[in-house]
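At position 97 of the sequence shown (counting the first as 1) the number is 1362 in my numbering, and the numbers step up by one without a gap. Just so it is clear, CB atoms sit at the ideal spot from N, CA and C, and this is done for glycine as well.
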Amino acid sequence: MWKFGSFSMNFHVSEYPSRPSEIRKVLPWVLDASQTEQLLSQGYTVIKNVIPADVVKKALGHISSARKNENYVLRNGSGLPSFYDAVQEADQIMNLMTTSSLQRLLESIYDSEIEILGGAGQIAIRPVDEDLVKRGVDKHKRANRTAWHVDEGGSGKYVQRPADFSLLVGVALTDSEGDVNSGQLNVWPGSHVKLHEALQEHLRRDVEGITPNVRFTEGRPDIGKPVRVCVLKGDVVLAHQRLGHCGGPNVVQERIMVYFRVRKSGHGNSNGVRERWMRGDGVWTGFDGLLRKKAELASIS
Ligand SMILES: O=C(O)CCC(=O)C(=O)O
């Protein structure tokens, strides 16, 4: 019994924690076996419920104010908003990474400190495509087999800079579930390996380094059928930089994601991941924590 003045209280103290399921709830910064396997083999995975609801709410409030104040420009072609740097670098956006367990989860994947390109998250809004709705297209139709892209390095050239980051990290601020097109990120499972090899082959053939860039924009190969990545607000999707992906059509309700482009600390150094990828090292070069987890899983199976 603990006493203070006239106030007294009983404390019950367990000898040791007895509910293992609670442990997973407070340790969400470690990928489980199936997430590890999916990330390695398919190039992407989803982690449920990573970002606390109040952090999501503050980010949404910040985005809503930025829209009211027109702190963005409309991108040529798509007409989608590109927010000013100050909006995307703001605490309400960066807190998605730093005040959740996300940063620690990423550090555990690389077994290293991480860097976030631009020190910012890209606010990606996909409104309902009213034209598609009016045309009454098949709401379930998958994206075209060659509609994918991979994100470029800072200069837009893979020849000198094969990629400035290694993981695309998408934080869902709205729900987009099910097999109806609701603006989900579309990904081509397994394409990270094929596209890494295709890029290496292209670079090997281009011995004089005269190709101005290797963007895979023209004549993109058919890399199969995409899948829609279904998420609820607060969930996170991780996708390897080489994974073919695209923003999917939306016939449901406005979809908002924040994308961080993340790399292992030292990625751009002379012997960093970027240079090792250039030399032909494998697509998981630098993902030391993930590779260790893979070895651990292999040793117990
Ligand atoms: O989900 C989206 O809005 C598109 C994401 C994408 O393709 C990208 O950021 O490269």
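(1) Can you tell me where the alpha helix (DSSP H) with Lys1406 in it begins and where it stops?
(2) Check whether the stretch 1556 to 1563 touches the stretch 1509 to 1520, counting contact only when three or more Cβ pairs, one atom from each stretch, lie closer than 8 Å.
(3) Grab me the residues of Ala1331's own chain with a C-beta within less than 7 Å of its C-beta, minus the 5 sequence neighbours each way, in chain order.
(4) Could you give the distance in angstroms between the alpha-carbon of Val1496 and the alpha-carbon of Gly1448?
(5) Quick one: what does DSSP say Leu1339 is sitting in, helix, strand or coil?
(6) Could you name the residues of the same chain whose beta carbon sits closer than 6 Å to that of Gln1465, not counting the 5 residues immediately before and after it, in chain order?
(7) Quick check: does the Cβ of Arg1391 come within less than 7 Å of any heavy atom belonging to ligand 1?
(8) Just to confirm before moving on: does the CB-CB distance between Pro1454 and Gln1307 stay below 8 Å?
(9) Could you round the C-beta distance between Lys1498 and Thr1550 to whole angstroms and report it? I think they count as a contact, below 8 Å.
(10) Just checking Met1522 against ligand 1 - is the residue's beta carbon closer than 7 Å to any of the ligand's heavy atoms?
(11) Could you tell me the boundaries of the beta strand (DSSP E) in which Glu1569 lies?
(12) What residue range does the beta strand (DSSP E) around Arg1520 cover?
(13) What's the C-alpha gap between Glu1380 and Leu1397?
Let me spell this out:
(1) No alpha helix (DSSP H) contains Lys1406, which DSSP labels as neither H nor E.
(2) Segments in contact, no.
(3) Closer than 7 Å at Cβ, skipping near neighbours: Tyr1337, Phe1348, Val1352.
(4) 11 Å
(5) strand
(6) Gly1545
(7) yes
(8) yes
(9) At roughly 33 Å, the Cβ-Cβ gap does not stay under 8 Å, so Lys1498 and Thr1550 are not in contact.
(10) yes
(11) Here the chain comprises residues numbered 1266 to 1566, so residue 1569 is not present and cannot be evaluated.
(12) 1520 to 1529
(13) 38 Å
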